[in-house]
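J.: What follows is a single structure, and I will ask about it in a moment.
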Amino acid sequence: MTPEYLQGLRDCVPAGQVRLNEDMALHTTFRLGGPADVFVCPTSADELSAVLKYLAKQPIPLLIIGRGSNLIVRDGGIRGVVVKLGEGFDHVTIEGTYITAEAGVALAALSWKAAEASLAGFEFAAGIPGSLGGALVMNAGAYGGEMCQVVDWVDCMDRGGNVRRRSNAEMEYAYRHSILHDTDEIAIGAGLNLRAGVREEIETQIKELNARRASKQPLNWPSAGSVFKRPPGNYAGPLIESAGLKGFRIGGAMVSELHANFIVNVGGATAADVLAVIEHVQQTVLAQHGIKMEPEVRVVGEDPAP
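Take 143 as the starting number for the sequence shown in the numbering used here and just add one per residue.
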């Protein structure tokens, strides 16, 4: 990209940032991955729209990310532009039992905001280490709750910078899936319908769920959360454990000894290490149980040049 092109991109985000060769390990919960050629942080829907319209003028690869909690970036990094919806793209308003929030807000922070307003129904999200945007796209859930249970509408922006509002039904939610997997649209915000509750009871439930999570998940190590989707009629963790894979390690990537559906970075892991562990788990479970394990994590970027 020419200096003039980059300056034009910076002009699109006067309150945001544009950085070159950004280390993506800083932007994923796995703490690994190569650099992004160009890294852009808009702080509003208007800035994001300006960026998308500007990028549409040239065929430059584009990736939108949130907090990188469900993401593996290959070791060769990402060509083109990465746009992060994070700090600054996280405004929240509460009216009665209704919450309107932007995509960059952390689910944990949003859950506590709801609790402070005595709103129940979003406790399940307090321990999910991601942002609202990603949760809207993949219908994130935990402990019996899912986004589809609370979403009223989602504002979606296409790659031309145009916004449309999709109703819950129009999101076509299913297990860890929405229609946004099949379109080029970006979830930029949502309206959530919660219910009135008692603040102390809501906060107690959040604390109990977080304690339960901490006792069963390897929160002390970098990871991307659950690696595999739940197979029909079964559970990923027990399948992997029964295959004798707890503690299996390649390089710095290891199947957690606490929860087998987590692969953790125990130090110096590369994306190649993680992907090799994923492949080994898939092959072993298929051979022993005849079940194909489908990854829940998203893999992006390129392998290093030989």
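We put the CB at the ideal spot given by N, CA and C, even for glycine.
1) To the nearest angstrom, how far is the alpha carbon of E327 from that of I220?
2) What's the gap between the Cα of A250 and the Cα of P271?
3) Return the bridge partner residues of W295 from the DSSP annotation.
4) Counting pairs of Cβ atoms below 8 Å between the segment 183–191 and the segment 229–241, do you hit three or more?
5) For A157, does the count of other Cβ atoms within 10 angstroms reach 16, so buried, or fall short, so exposed?
6) Which residue wins for smallest C-alpha separation from T235, given the options L252, V225 and A411?
7) Examine the Cβ distances between the segment 290–304 and the segment 382–399 and report whether three or more of them are shorter than 8 Å.
8) Going by the beta-carbon positions, is the gap between P446 and G218 smaller than 9 Å?
9) So what's K226 in DSSP terms, helix, strand or just coil?
10) If you run the structure through DSSP and keep just helix, strand and coil, what is P145?
11) Among T239, L205 and E244, which has the Cα closest to the Cα of D188?
12) DSSP three-state label for A411, please.
13) Going along the chain, which residues of its own chain have a beta-carbon closer than 7 Å to the beta-carbon of I207, five neighbours each way excluded?
14) Please give the ranges of any alpha helix (DSSP H) in the segment 183–235, keeping only runs that are unbroken, at least 4 residues long and fully inside the region.
15) Since I believe N403 is in contact with P364 (beta carbons under 8 Å), could you give me their beta-carbon distance rounded to a whole number of angstroms?
16) Could you spell out where the alpha helix (DSSP H) holding M280 opens and where it closes?
17) Quick one: Cα of L194 to Cα of Q291, how far?
18) Spatial neighbours of A414 within its chain, please: C-beta separation below 7 Å, excluding the five flanking residues on both sides.
19) With burial defined as no fewer than 16 other Cβ atoms inside 10 Å of the residue's Cβ, what is the status of V397: buried or exposed?
20) I think A256 touches L351, with their Cβ atoms under 8 Å apart; what is that distance to the nearest whole Å?
21) When DSSP builds the beta bridges, which residues end up paired with D165?
22) For Q359, which of helix, strand or coil comes out of DSSP?
23) Roughly how far, in whole angstroms, is the beta-carbon of T242 from the beta-carbon of N335, given that I think they are within contact range, below 8 Å?
24) When the Cα atoms are used, what is the spatial distance from R306 to V279?
25) Is the CB-CB distance between A332 and L274 below 9 Å?
26) Would you kindly report the start and end of the unbroken beta strand (DSSP E) that includes S368?
T.: Quick look at the numbers:
1) Position 185 of the sequence shown, counting from 1, holds the residue named residue 327. Position 78 of the sequence shown, counting from 1, holds the residue named residue 220. C-alpha separation (whole angstroms): 20 Å.
2) Taking the first residue of the sequence shown as 1, we reach residue 250 at position 108. Taking the first residue of the sequence shown as 1, we reach residue 271 at position 129. Cα-Cα distance, rounded: 7 Å.
3) By one-based count along the sequence shown, residue 295 stands at place 153. Paired residues: S309 and G333.
4) Yes, since at least three Cβ pairs between the segment 183–191 and the segment 229–241 fall closer than 8 Å, the two stretches touch.
5) Translated into the one-based positions of the sequence shown, residue 157 becomes position 15. Exposed, since its Cβ has fewer than 16 Cβ neighbours within 10 Å.
6) Indexing the sequence shown from 1 puts residue 235 at position 93. In this structure, L252 is the residue among L252, V225 and A411 with its C-alpha nearest to the C-alpha of T235.
7) no
8) For the purposes of this step, residue 446 is taken as residue 304 along the sequence shown, with counting starting at 1. For the purposes of this step, residue 218 is taken as residue 76 along the sequence shown, with counting starting at 1. Yes, the Cβ-Cβ distance between P446 and G218 is below 9 Å.
9) Taking the sequence shown and counting its residues from 1, one reaches residue 226 at position 84. Here K226 sits in strand by DSSP.
10) Here residue 145 corresponds to residue number 3 of the sequence shown, with the count starting at 1. If DSSP states are grouped into helix, strand and coil, P145 belongs with the helices.
11) To locate residue 188, count along the sequence shown from 1; it is residue 46. Ranking the options by Cα distance to D188, first place goes to E244.
12) Against the sequence shown, residue 411 aligns to sequence position 269. Residue state, collapsed to three classes: coil.
13) In the sequence shown, the residue the question calls residue 207 occupies position 65. The residues are H169, L213, V224 and K226.
14) 187–197
15) In the sequence shown, the residue the question calls residue 364 occupies position 222. In the sequence shown, the residue the question calls residue 403 occupies position 261. Going by Cβ atoms, the distance from P364 to N403 rounds to 16 Å, so no, they are not a contact pair.
16) Translated into the one-based positions of the sequence shown, residue 280 becomes position 138. It spans L274 to M280 - the alpha helix (DSSP H) in which M280 sits, taken as one unbroken run.
17) The residue given as residue 194 occupies position 52 in the sequence shown. The residue given as residue 291 occupies position 149 in the sequence shown. Whole-angstrom Cα-Cα distance: 30 Å.
18) One-based indexing of the sequence shown puts residue 414 at position 272. For A414, where only same-chain residues beyond five positions count, the Cβ hits under 7 Å are D217.
19) The sequence position of residue 397 within the sequence shown is 255, counting from 1. Counting Cβ neighbours within 10 Å, V397 comes out buried, since at least 16 surround it.
20) The residue labelled residue 256 in the question sits at position 114 within the sequence shown. The residue labelled residue 351 in the question sits at position 209 within the sequence shown. Their Cβ separation, rounded to whole angstroms, is 13 Å, which puts A256 and L351 out of contact at 8 Å.
21) Position 23 of the sequence shown, counted from the first residue, corresponds to residue 165. Beta-bridge pairing links D165 to P177.
22) What you label residue 359 is simply residue 217 of the sequence shown in a count that begins at 1. Q359 falls in the coil class under three-state DSSP.
23) Walking along the sequence shown from the start, residue 242 turns up at place 100. Walking along the sequence shown from the start, residue 335 turns up at place 193. Separation of the CB atoms of T242 and N335 is rounded to 11 Å, and the pair is thereby denied contact status at 8 Å.
24) For the purposes of this step, residue 306 is identified with residue 164 of the sequence shown, where counting begins at 1. For the purposes of this step, residue 279 is identified with residue 137 of the sequence shown, where counting begins at 1. Between R306 and V279, the C-alpha separation is close to 15 Å.
25) For this step, residue 332 is matched to residue 190 along the sequence shown. For this step, residue 274 is matched to residue 132 along the sequence shown. Yes, these two residues count as a Cβ contact at 9 Å.
26) Within the sequence shown, residue 368 is the residue found at index 226, counting from 1. Here the beta strand (DSSP E) through S368 covers S365 to S368.
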